[in-house]
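Heads up: the structure comes next, in structure tokens.
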Amino acid sequence: DTICSVAREAGLTLTEFAQRIGRSQQTLEELTAELSIGETYFFREPAHFEILRKHVFDQWARDCSQPLTIWSAACASGEEPYSAAIVAHEAGLGDRVRIIGTDISHRALTKAREAVYRPWSLRGLAADRARPYLAPQPDGRWKVKRRIREMVTFDRLNLANDPYPAVSRGLVDVQVIFCRNVLIYFDPDVIAAVARKLYDTLAPGGWLFLGASDPSLARHAPFELVMTDGGIAYRKSTARRIDVRPGRTQGVTEPRASALPVASERAPQGSSPRCAPSGDSAGSASGQAAGLGADDRRPSGAGKECGDVAVRPDKGTGVGGEVVESLRKALQEGDYEHVLRATEGMVGGEVAALRVRALAGLDPAAARTLCERLLSADPLNVPLRYVQALVLLDLGESTLALQALHRVLFLSRDEVEALFTLATIQDRLGNREEAAKALRTAESLCARRDPDERLPLGDGATVREMIAAIQRHPAYPASGFS
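For what it's worth, the working numbering labels the leading residue of the sequence shown as 746, then goes sequentially.
Rendered as structure tokens:
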């Protein structure tokens, strides 16, 4: 029935649709998305929502004044993000929590936005908790009430193939990610890549919830496992570092004392290197974090040194657009080691920015050191200035990130991605007027450009996608800009 429905929507017979599938990868992906609509219900795996309430929201309410972002990855028809919104509302954080639901299926996202559910979505004892926030409909279904719906936005995202972190989608520095009961459908290589990208999308100290049947991600990224009375959760620590390079002694430096016990799950020998032990200095970690920088891997005749990473200007080396595009793709797939190997010894232009972004995926502190040294040799490098802002943001240095973005805009005032990131930081700092001002400028710049043009600084978003991101930004006025 689903295949027939998708074919009808495309205006094709089944035979024509089958022929198109054979010719078009995009059509095949769209069909796969529709066939993979997840089955879910409100407050599924209720222990996770108790952790959210007791260990995330309670602490956030006490210690933080900035908004909190929750990402429901592979949200299917929307019950999961709306459940999180209900918990946030009950905690009195409705105006301080932003929830983003993503899925690969257009059909599932349409249903999620409609927010109308059959009684089957309210099964289980925990689902009774949702009923006060749903309005009964004449046909026996239930519709999520407006105050809960307005806390959630939805976007299409292919968890396996699309790039993230992604500023244009709001998927950066996220405090909580739900990615439940989807990884079991991926092959091992995709699981490893998704694990790295989820880790990079989390803010320091952020939480990741997986489904009970999902594979462990501890071998793919330096998560800490937290044991709670509600089960196991993953966290991104600001201090914990695991050295998993072959031949090295595996050591763990635990973060500062936590109210919850941490289960140390070490990665096996031969795993992909993720980060150096926290005992290393930031300078030396810049090379060691990636498993690079040993004397026998340093190019002869290298120029300036940055920690253990040899660098030299690449002016005149003739790095072509295809090479840069391949590096971008590797970066989006989380293959940071490949990017570091391919750019060893290069410091100029966009290649330098890609190198720093790759190192930031392994060790943000080391990336900061590398970026500062590269900028001292090339202070007018706009892509590198922008990456500096992203690295500082990842390290929690919002004020310094703002300064870096202002330098970007001083050098090139038309950089839409920089304006959007500026708005995001200002909004998190509570400067709603400044955030709106940046969004207004960004929207105005986009209006003058080809909607299908790809923006140069960020994750490959088009102007059209950026306009959509601007208009769903929490600081964007409901009536738009006059």
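In this text, a Cβ means the ideal position worked out from N, Cα and C, and glycines have one as well.
Original post:
Would you call the stretch 837–848 and the stretch 913–920 in contact, with 3 or more CB pairs under 8 Å?
Top reply: Yes, they touch.
Original post:
According to DSSP, is S828 helix, strand or coil?
Top reply: Your numbering for residue 828 matches position 83 in the sequence shown. In the displayed model, S828 falls within a helix according to three-state DSSP.
Original post:
Expressed to the nearest angstrom, what Euclidean distance is found between the alpha-carbon atoms of W865 and P1219?
Top reply: Here the question's residue 865 lines up with position 120 in the sequence shown. Here the question's residue 1219 lines up with position 474 in the sequence shown. The C-alpha of P1219 is placed about 32 Å away from the C-alpha of W865.
**OP:** List in chain order: all unbroken alpha helix (DSSP H) runs of 4+ residues lying wholly within the stretch 889–961.
**Re:** Listed in chain order, they are 891–894, 933–946.
Original post:
Counting along the chain, where does the beta strand (DSSP E) carrying D848 start and finish?
Top reply: For this step, residue 848 is matched to residue 103 along the sequence shown. Segment 842–848, the beta strand (DSSP E) holding D848.
Original post:
Under a Cβ-count criterion, where at least 16 other Cβ atoms within 10 Å of its own Cβ denotes burial, should G1175 be classed as buried or exposed?
Top reply: Residue mapping note: residue 1175 aligns to position 430 of the sequence shown, counting from 1. Under this definition G1175 is an exposed residue.
Original post:
Y862 bridges to which residues according to DSSP?
Top reply: Counted from its first residue, the sequence shown places residue 862 at position 117. Per DSSP, W887.
Original post:
Per DSSP, what kind of secondary structure is P877 in: helix, strand or coil?
Top reply: The sequence position of residue 877 within the sequence shown is 132, counting from 1. Assigned with DSSP and collapsed to three states, P877 falls in helix.
Subject >> C-beta contact flag for N926 and S958 at 8 Å >> reply: Along the sequence shown, one-based indexing puts residue 926 at 181. Along the sequence shown, one-based indexing puts residue 958 at 213. Judged by their CB atoms, N926 and S958 are nearer to each other than the 8 Å cut-off.
Subject >> Residue from A1134, A1146, L902, R789 with nearest C-alpha to Y1230 >> reply: Residue 1230 falls outside the range modelled here, since the chain spans only 746 to 1227, and no answer is possible.
Original post:
P933 to R1073, Cα distance in whole Å?
Top reply: Sequence index remark: in the sequence shown, residue 933 carries index 188 (1-based). Sequence index remark: in the sequence shown, residue 1073 carries index 328 (1-based). Inter-residue distance for P933 and R1073 is about 22 Å (C-alpha atoms, whole angstroms).
**OP:** Throw me the rounded Cβ distance for the V1161 and L1190 pair, which I believe falls under 8 Å.
**Re:** For the purposes of this step, residue 1161 is taken as residue 416 along the sequence shown, with counting starting at 1. For the purposes of this step, residue 1190 is taken as residue 445 along the sequence shown, with counting starting at 1. With 8 Å as the limit, V1161 and L1190 qualify as a contact, their Cβ atoms being about 5 Å apart.
Original post:
Using a C-beta cutoff of 8 Å, does L854 count as contacting chain B?
Top reply: The structure shown contains no chain B; it holds only a single protein chain.
**OP:** Locate the beta strand (DSSP E) running through L1107, then write down its first and last residues.
**Re:** One-based indexing of the sequence shown puts residue 1107 at position 362. Under the DSSP assignment, L1107 falls outside any beta strand (DSSP E); it carries neither an H nor an E label.
**OP:** Kindly identify the DSSP beta-bridge partner or partners of I815.
**Re:** For this step, residue 815 is matched to residue 70 along the sequence shown. Partner(s): I844, V921.
Subject >> For A806, the first and last residue of its enclosing alpha helix (DSSP H) >> reply: As a working mapping, residue 806 is identified with position 61 in the sequence shown. Following the DSSP letters along the chain, one finds A806 inside the alpha helix (DSSP H) bounded by residues 803–808.
Original post:
Taking the C-alpha atoms as reference points, what is the distance between L1099 and Y786?
Top reply: In the sequence shown, counting from the first residue as 1, residue 1099 sits at position 354. In the sequence shown, counting from the first residue as 1, residue 786 sits at position 41. The straight-line gap from Cα to Cα measures roughly 41 Å.
Original post:
Taking the Cβ atom as the reference point for each residue, do P812 and D1172 lie within a distance shorter than 8 Å?
Top reply: Residue mapping note: residue 812 aligns to position 67 of the sequence shown, counting from 1. Residue mapping note: residue 1172 aligns to position 427 of the sequence shown, counting from 1. In terms of Cβ geometry, P812 and D1172 form a close pair [threshold 8 Å].
Original post:
Would the beta-carbon of L1138 fall within 8 Å of that of D808?
Top reply: The count along the sequence shown starts at 1 and reaches residue 1138 at position 393. The count along the sequence shown starts at 1 and reaches residue 808 at position 63. With a cutoff of 8 Å on beta-carbon distance, L1138 and D808 are scored as not near each other.
Original post:
Going by C-alpha distance, which of L1202, R1193, G950 is nearest A1229?
Top reply: Past the boundaries of the shown model lies residue 1229; the chain is included only from 746 to 1227, so the question cannot be answered.
**OP:** May I have the straight-line CA-CA distance separating R798 from A871, to the nearest angstrom?
**Re:** For the purposes of this step, residue 798 is identified with residue 53 of the sequence shown, where counting begins at 1. For the purposes of this step, residue 871 is identified with residue 126 of the sequence shown, where counting begins at 1. Cα to Cα, the separation comes out at about 14 Å.
Subject >> Three-way DSSP call (helix, strand, coil) for G1066 in this model >> reply: Here the question's residue 1066 lines up with position 321 in the sequence shown. Three-state result, G1066: helix.
**OP:** Pull up the CB-CB distance for A1187 and F1165, whole angstroms please, since I reckon it's below 8 Å.
**Re:** Locating residue 1187 in the sequence shown gives position 442, counting from the first residue. Locating residue 1165 in the sequence shown gives position 420, counting from the first residue. Right, the Cβ-Cβ distance comes to about 5 Å (below 8 Å), so this counts as a contact.
**OP:** Quick one: grab the DSSP three-state call for T1207.
**Re:** Position 462 of the sequence shown, counting from 1, holds the residue named residue 1207. In the three-state reduction of the DSSP assignment, T1207 falls in the strand class, which pools E and B.
Subject >> Residue from D873, R1199, W887, T1088 whose Cα sits closest to the Cα of Y862 >> reply: One-based indexing of the sequence shown puts residue 862 at position 117. Measuring from the Cα of Y862, the nearest candidate turns out to be W887.
Original post:
Do P949 and I929 come within 8 Å of each other at the CB atom, strictly closer than that value?
Top reply: As a position in the sequence shown, residue 929 is number 184, starting the count at 1. As a position in the sequence shown, residue 949 is number 204, starting the count at 1. No, the Cβ-Cβ distance between I929 and P949 is not below 8 Å.
**OP:** Would you mind giving the Cβ-Cβ distance between A833 and F802, rounded to the nearest angstrom? I have them listed as a contact below 8 Å.
**Re:** Position 88 of the sequence shown, counted from the first residue, corresponds to residue 833. Position 57 of the sequence shown, counted from the first residue, corresponds to residue 802. With 8 Å as the limit, A833 and F802 qualify as a contact, their Cβ atoms being about 7 Å apart.
**OP:** Please report how far the alpha carbon of E835 lies from the alpha carbon of T814, in whole angstroms.
**Re:** The residue you call residue 835 lines up with position 90 of the sequence shown. The residue you call residue 814 lines up with position 69 of the sequence shown. Each residue's Cα considered, the two are about 16 Å apart.
**OP:** Could you give the DSSP three-state label for G1094: helix, strand or coil?
**Re:** The count along the sequence shown starts at 1 and reaches residue 1094 at position 349. Assigned with DSSP and collapsed to three states, G1094 falls in helix.
**OP:** Put R868 into one of helix, strand or coil per three-state DSSP.
**Re:** By one-based count along the sequence shown, residue 868 stands at place 123. DSSP places R868 in coil when its eight states are reduced to three.
**OP:** Return helix, strand or coil for R1199, following the three-state DSSP convention.
**Re:** Numbered from its first residue, the sequence shown carries residue 1199 at position 454. DSSP places R1199 in the strand class (E or B) of the three-state scheme.
Original post:
Where does A1149 sit, in a helix, a strand or coil, going by DSSP?
Top reply: For the purposes of this step, residue 1149 is taken as residue 404 along the sequence shown, with counting starting at 1. In the displayed model, A1149 falls within a helix according to three-state DSSP.
**OP:** Report the rounded CA-to-CA distance for R894 versus E824, giving the unit in angstroms.
**Re:** Numbered from its first residue, the sequence shown carries residue 894 at position 149. Numbered from its first residue, the sequence shown carries residue 824 at position 79. So the alpha carbons of these two residues sit roughly 11 Å apart.
Original post:
To the nearest whole angstrom, what separates the beta carbons of A1097 and L1129, a pair I think is in contact under 8 Å?
Top reply: Position 352 of the sequence shown, counted from the first residue, corresponds to residue 1097. Position 384 of the sequence shown, counted from the first residue, corresponds to residue 1129. For A1097 against L1129, the beta-carbon gap comes to about 5 Å, under 8 Å, which counts as contact.
**OP:** Grab me the residues of G885's own chain with a C-beta within less than 8 Å of its C-beta, minus the 5 sequence neighbours each way, in chain order.
**Re:** For the purposes of this step, residue 885 is taken as residue 140 along the sequence shown, with counting starting at 1. Around G885: R863, P864.
Original post:
Rounded to a whole number of angstroms, what is the C-alpha to C-alpha distance between I796 and F923?
Top reply: Your numbering for residue 796 matches position 51 in the sequence shown. Your numbering for residue 923 matches position 178 in the sequence shown. Those two C-alpha atoms are separated by around 12 Å.
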